[in-house]
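Q: Per this note's numbering, residue 599 is the first one in the sequence shown, and the count goes up by one each step. Cβ coordinates follow ideal geometry from the N, Cα and C atoms, glycine included. This is the structure, below, for whatever I ask next.
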Amino acid sequence: MLRPRRKLGKYRIQRCISNGNIAAVYQAYDTIQGLRVALKIPHPSAMDEYFLADFRREARLAPILEHPNIIPIRDASFIDGHFVISMPLGERTLGDRMRKRLAASTALDYADQTLAAVAHAHECKVIHCDVKPDNFVLFADNVLRLGDFGFSKIAQRTLKQASGSGTVGYMAPEQAVGRPMFQSDVFALGLLIYELFSGHLPQWPYDWPPRRIERVRAKLNPALVAWLRKAIEVRPEARYKNAIVMYREFKRARNGAGKRRKPARNTAIDPVRWEAIRFREFQKKYRHSLETHHHCSNCEGPVAEAMQNCPWCGEKLKAGRLETRFPATCPRCHRGAKLDWRYCAWCYGHGFVVETTRRYPDRRYDARCSNAKCKEPLMPFMRYCPWCRTKVKRAWRLPSSKERCPSCHWGVDTTFWDRCPWCSKGLSR
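Quick look at the structure:
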């Protein structure tokens, strides 16, 4: 494991995103281009020729697989003895998103994007061999991209030498015995999409109908249910030939016969739509001043990195899931930090190893530390001085509201919020 703030060539490690048996994925900062990236780095135990061949294959496939729904590889090289693959940094995986409730329209959009990605790989004669929710990454504007082509195979006339690599829960029966084929990816896609609409991953022996079929039938028209059934047939020859055909039939079933009749129009305001209106009006007023560029993973309400809790639903915010706009992160709370700070401004953690004597100006500074020996600049809603670690006594106010939380006395706006984002106390309107 690489520690936060460690330099690796031009990259500065910020945090570990995921740690698998073969490799770890890190969020890092490209100090030359000024970008946050994801670095995939094999563990030392996986640095033999067998595993390195998988990573080299993934890097070499990148130019062939260029597509809006496939994660591009920016660079692949050896740095300080580590094999490093650099990729764009996403927000979270599809697996993370599927732990929360999905609207049927959102699930259909995700299904469309997963199919588009695998269909393009099949057009390029590439079998992915590890299609699963955790290998699809969500980017801005709900764009899904497929990654992790390390187990992929170039389709040839014979596949007798192919391995049974992949993830067991989504693995087709023929792939489990070492014979992956295009229909294996079709099977994995079928399981993934069934799980999208039902919240249940079908298990062996894959008898139809699987559990929670009523949820699927409530959300999909009969043509799409039949399409899904064909995708997860146990016998490969009974499935779609490849994801290209599967995607074509998906679009036909989605738009063609069997489409559910639209319900009578209701003039009442949908609660979900009302929430969206409330979020939009809040963003018009506070997006710039509060930097609410993120969304709560529970209710999708706009939140800021400095907040401790979601002001809309009260969910405790996990800063590690929010993409920081700072060049570094605190290894304790995972919130952003500037390179010249000595301490975290958001938690009472240990001091940082300061790598520069340079001071970086910032337009967000608008107050001073109350410590007479410090008097260094502070940003709104800091809890501690990043220069001397003195607790900030100032009660921060919202720029467009005179209201204050009755508990912590920091600024709130009960026109929008149900809870204080700074101390989590409920707010009365």
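So what's S1022 in DSSP terms, helix, strand or just coil?
A: Residue state, collapsed to three classes: coil.
Q: Flag this pair as touching only if the stretch 622-636 and the stretch 941-956 have three or more C-beta atom pairs under 8 Å; answer yes or no.
A: At 8 Å Cβ cutoff, the stretches do not touch.
Q: Under the three-state reduction of DSSP, which class applies to V814: helix, strand or coil?
A: Helix, per DSSP.
Q: Tell me the residue span of the alpha helix (DSSP H) that contains V990.
A: Neither: V990 is in no alpha helix (DSSP H) and is coded neither H nor E.
Q: In whole angstroms, give me the CA-to-CA distance for C911 and D1016.
A: Spanning the two alpha carbons is a distance of roughly 7 Å.
Q: Within the continuous alpha helix (DSSP H) that includes P771, where are the two ends?
A: Here the alpha helix (DSSP H) through P771 covers P771 to A774.
Q: Residues in the same chain with beta-carbon distance under 7 Å from K758, minus the five sequence neighbours each way, listed in chain order, please.
A: Below a pLDDT of 50, predicted positions are generally treated as unreliable, and K758, at 34, falls in that range; the measurement from the model is reported next regardless. Cβ within range, chain order: n/a, list empty.
Q: Closest by CA to L744, which one among P686, K698 and S782?
A: With distances taken between Cα atoms, L744 lies closest to P686.
Q: Does the Cβ-Cβ distance between A851 and Y838 come in under 9 Å?
A: No, the Cβ-Cβ distance between A851 and Y838 is not below 9 Å.
Q: Does the stretch 643-662 come close enough to the stretch 687-697 to have 3 or more Cβ pairs within less than 8 Å?
A: Touching, no.
Q: Whose CA, out of F848, I842, W994 and S796, lies closest to the CA of A821?
A: Residue F848 is the option with its Cα nearest to A821.
Q: I need the DSSP call for K857, collapsed to helix, strand or coil.
A: In this prediction, K857 scores a pLDDT of 45, lower than 50, which makes its location untrustworthy; the coordinate-derived value is nonetheless stated afterwards. Of the three classes helix, strand and coil, the one that applies to K857 here is coil, per DSSP.
Q: Could you check whether K698 and A786 sit closer than 9 Å to each other, using their CB atoms as the reference points?
A: It is not a contact, given that the beta carbons lie outside the stated cut-off.
Q: Along the chain, where does the beta strand (DSSP E) containing Y627 start, and where does it finish?
A: First-last of the beta strand (DSSP E) with Y627: A621 to D628.
Q: Return the CA-CA distance between V901 and N907, expressed in angstroms with no decimal places.
A: If you take the alpha carbons of V901 and N907, they lie about 9 Å apart.
Q: Which residues in the same chain as V951 place their Cβ atom closer than 7 Å to its Cβ, once the five residues preceding and following it in sequence are excluded?
A: Excluding positions up to five away in sequence, the list reads R603.
Q: Check the Cβ-Cβ distances between H665 and every residue of chain D, and say whether any is below 9 Å.
A: The structure shown contains no chain D; it is built from a single protein chain.
Q: Look at the alpha carbon of T922 and the alpha carbon of D805, and state the distance between them as a whole number of angstroms.
A: Answer to the nearest angstrom: the Cα atoms are 45 Å apart.
Q: Who are the near neighbours of Q881 in its chain, counting only those whose CB is closer than 7 Å to its CB and skipping five residues on each side?
A: Cβ neighbours of Q881 beyond the five flanking positions: T890 and P900.
Q: With DSSP as the reference, label Y609 as helix, strand or coil.
A: Strand.
Q: Among the candidates F979, G797 and T988, whose CA atom is the shortest distance from the CA of A701?
A: Closest by alpha carbon: G797.
Q: Using only CA atoms, which one of S887, P1004 and W1020 lies nearest to R961?
A: The option with the nearest alpha carbon to R961 is S887.
Q: Of all the options R987, H680 and D938, which has the alpha carbon lying nearest to the alpha carbon of M599?
A: Nearest C-alpha to M599: H680.
Q: Mapping the DSSP letters down to three states, classify P820 as helix, strand or coil.
A: DSSP places P820 in helix when its eight states are reduced to three.
Q: Measure how close the beta-carbons of R610 and Y627 come, nearest whole angstrom, since I'm counting them as under 8 Å.
A: Sure, about 5 Å apart at Cβ, within 8 Å.
Q: Who are the near neighbours of W944 in its chain, counting only those whose CB is closer than 6 Å to its CB and skipping five residues on each side?
A: These residues qualify, in order along the chain: C931, R933 and R981.
Q: How many angstroms separate the CA atom of P929 from the CA atom of Q612?
A: Near 8 Å, if we compare the C-alpha coordinates of Q612 and P929.
Q: Closest to H718 by C-alpha separation, out of H948, W1008, P661 and A935, would be which residue?
A: It is P661.
Q: Let me know the secondary structure DSSP gives I875 once reduced to three states.
A: Three-state DSSP puts I875 in a helix.
Q: Sorted by chain position, which residues of the same chain lie with C-beta nearer than 8 Å to C897's C-beta, five sequence neighbours on each side aside?
A: Result list for C897: E873, C908, W910, C911 and E913, in chain order.
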